[in-house]
Amino acid sequence: MSVPVVYLANNVLRTIDENGQSRTIESRFGNDLLAKAVKEQQRNAWKNQGNEGKFLTGPALWGKGDAERPIQIQLTSVCRGQTPDQFLYTLRTQHVCAILSVLQKGAEEQRIWNNNIKKLSHLSVHSQLGHIACSVEHNLGTSNIGVRLSDDGGVNEVTEGDSIDTAPSWIPGEKMQLLFQSAGIGRNKEGIVGGVGPFSVQRLEIESGELTVLAEDGKFDFLTPKQAADGTLYYIKRPYEGNVQAGLLDIVKDTVLFPFRMAGAFFGYLNFFSMMYSGKQLKTVKQRGAQQMDLPQMMIYGNLIKAQRPDDELNATSLVPRSWQLIATKPGGSEEVVASGVLCFDLAEDGSVVYSNGSTITLLSPEGKKTDLAKDSMIQQVIFLKDTSPRQQVVAGN
Numbered sequence: 003m004s005v006p007v008v009y010l011a012n013n014v015l016r017t018i019d020e021n022g023q024s025r026t027i028e029s030r031f032g033n034d035l036l037a038k039a040v041k042e043q044q045r046n047a048w049k050n051q052g053n054e055g056k057f058l059t060g061p062a063l064w065g066k067g068d069a070e071r072p073i074q075i076q077l078t079s080v081c082r083g084q085t086p087d088q089f090l091y092t093l094r095t096q097h098v099c100a101i102l103s104v105l106q107k108g109a110e111e112q113r114i115w116n117n118n119i120k121k122l123s124h125l126s127v128h129s130q131l132g133h134i135a136c137s138v139e140h141n142l143g144t145s146n147i148g149v150r151l152s153d154d155g156g157v158n159e160v161t162e163g164d165s166i167d168t169a170p171s172w173i174p175g176e177k178m179q180l181l182f183q184s185a186g187i188g189r190n191k192e193g194i195v196g197g198v199g200p201f202s203v204q205r206l207e208i209e210s211g212e213l214t215v216l217a218e219d220g221k222f223d224f225l226t227p228k229q230a231a232d233g234t235l236y237y238i239k240r241p242y243e244g245n246v247q248a249g250l251l252d253i254v255k256d257t258v259l260f261p262f263r264m265a266g267a268f269f270g271y272l273n274f275f276s277m278m279y280s281g282k283q284l285k286t287v288k289q290r291g292a293q294q295m296d297l298p299q300m301m302i303y304g305n306l307i308k309a310q311r312p313d314d315e316l317n318a319t320s321l322v323p324r325s326w327q328l329i330a331t332k333p334g335g336s337e338e339v340v341a342s343g344v345l346c347f348d349l350a351e352d353g354s355v356v357y358s359n360g361s362t363i364t365l366l367s368p369e370g371k372k373t374d375l376a377k378d379s380m381i382q383q384v385i386f387l388k389d390t391s392p393r394q395q396v397v398a399g400n
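By our numbering, the letter at position 118 of the sequence shown is numbered 120, and the numbering carries on one by one without gaps.
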């Protein structure tokens with residue numbers, strides 16, 4: 003392996019160095035927030051004296067456990083930085099969202115932006131200009147592409163509309179052009195979301211505001227687009243699972259099962275609060291290791307991804323079906339299936355590709371050789387760090 007990798011899994015950041023060694027990088031900012039919240043909780047503990055119950059807010063920040071924590075901290079995205087050995091990540095709590103810069107494999111961390119209103123994720127740094135592109139989420143279910151210029155402290159939204167615009171990535175070169183995925187939102191007359199259309203790949207020229215659709219098909223979603231310096235367009239292609247007209251049999255089935263589904267939902271509601279307040283489920287769970295908590299799950303572009311029950315901690319079960327394909331489209335229009343069962347990927351400057359099915363991280367060399375780098379659970383993003391070795395200046399990545 004020639005290029006180090008950083009990945010986000012189970013709300014934890016980990017690195018894989020050139021020798022294949024893996025290590026965890028803790029969020030110093032997150033730890034500071036947690037420590038301050040704990041102190042505040044301890045100062046106010048006297049107000050809750052005499053209460054018989056304790057409100058459990060979930061497992062500890064780093065790893066599993068039954069420890070109480072007064073705030074919920076979530077790492078939402080990671081991307082490579084402009085300089086070697088640098089990466090950026092976004093952190094979110096109930097009260098604040100921040101962009102953090104990490105150097106020297108976690109030895110140095112700097113907060114470069116924070117806000118208590120905007121919710122950011124899916125970062126991308128322009129390799130030459132240093133500008134940051136991101137996704138800005140809104141409460142009504144929409145999201146826009148935001149840009150933070152290297153000489154400006156604010157985040158300006160450069161797309162608009164009743165749509166989900168996310169996963170931006172800068173196009174290599176000196177121009178301010180980026181790719182992103184976009185899906186329209188359908189609403190009823192009351193403004194309630196009725197569905198989301200298929201994701202397409204769009205190119206935006208920041209200065210002129212010109213939008214160009216590069217990949218679109220009513221039967222497929224096109225996700226997380228990235229472009230290499232030779233013009234090859236990479237993206238994940240998956241079948242679109244939108245709203246389908248219900249038939250008579252579906253209506254009869256829904257009517258018959260409605261009472262059972264309501265009963266199941268009500269029991270799940272009570273079971274949730276039992277877990278929150280007492281740490282115990284209302285139902286009896288028998289499984290190896292007497293594990294009481296449900297398996298982890300995450301939302302990836304509208305799909306709820308659940309972990310399979312593994313035989314061991316390093317089970318390589320894919321979290322997505324083989325129909326999620328990594329596609330490379332040449333400038334001439336020819337398509338190539340690079341890999342199947344792909345949840346996330348990134349491009350290196352030497353033409354290598356790293357991708358994951360959610361459980362295994364695989365390196366694909368320019369010669370086509372595949373090497374498994376690591377196995378983990380609930381891997382949601384993987385990136386290359388910037389490499390400045392002379393042999394890797396031929397092709398500019400991401």
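Ideal Cβ placement from N, Cα and C applies to all residues, glycine included.
Keep in mind that this is a model prediction, so the values were computed, not measured.
Within the same chain, Cβ atoms closer than 6 Å to the Cβ of R82 are found at F89, I385, L387, K388, the five residues on either side in sequence being excluded.
Nearest to V339 by C-alpha distance, out of M178, R324, G143, K191, is R324. A231 is positioned such that its CB atom lies no closer than 9 Å to that of G266. In the DSSP secondary-structure assignment, W115 is bridged to I101. Straight through space, the alpha carbons of I302 and S123 are spaced by roughly 13 Å. With a beta-carbon spacing of about 6 Å, L10 and L77 fall inside the 8 Å limit used to define contacts. Put simply, the backbone Cα of L125 is about 44 Å away from that of T257. When secondary structure is reduced to three states using DSSP, A109 falls in the coil class, being assigned neither helix nor strand. Of S184, I194, V195, the smallest CA-CA separation from Q204 is found for S184. Note on V104: 16 or more other CB atoms within 10 angstroms of its CB, so buried under the neighbour-count rule. Inter-residue distance for K332 and E192 is about 44 Å (C-alpha atoms, whole angstroms).
Of the residues assessed, F268 falls on the exposed side of the cut-off, its CB having fewer than 16 other CB atoms within 10 angstroms.
Spatial neighbours of G32 in its own chain (CB-CB distance under 8 Å, excluding positions within 5 residues in sequence) are listed in chain order as L63, I75, L77, L93.
Bridge partners of K372 according to DSSP: L366. If you check the CB distance, A376 and R16 come in under 9 Å. Closest by C-alpha distance to Y236, out of W326, R263, E111, S145, is W326. Residue pairing for L225: DSSP places it in a beta bridge opposite I238.
The three-state reading of DSSP puts E176 in coil, since its state is none of H, G, I, E or B. Taking a contact to require three or more Cβ pairs closer than 8 Å, the segment 188-202 and the segment 146-159 do not qualify as touching. Here I27 is bridged, per DSSP, to L15. One Cα belongs to K221, the other to V138, and the distance between them is close to 26 Å. A distance below 6 Å between beta-carbons, with the five flanking residues on each side excluded, links S24 to the following residues of its chain, in chain order: R16, I18, A376. The DSSP-derived three-state label of A265 is helix. DSSP links K120 through a beta bridge to no other residue. Annotation for R82: the continuous beta strand (DSSP E) segment containing it runs 76-82. If you draw a 10 Å sphere on the C-beta of S354, you find 16 or more other C-beta atoms in it, and that means buried.
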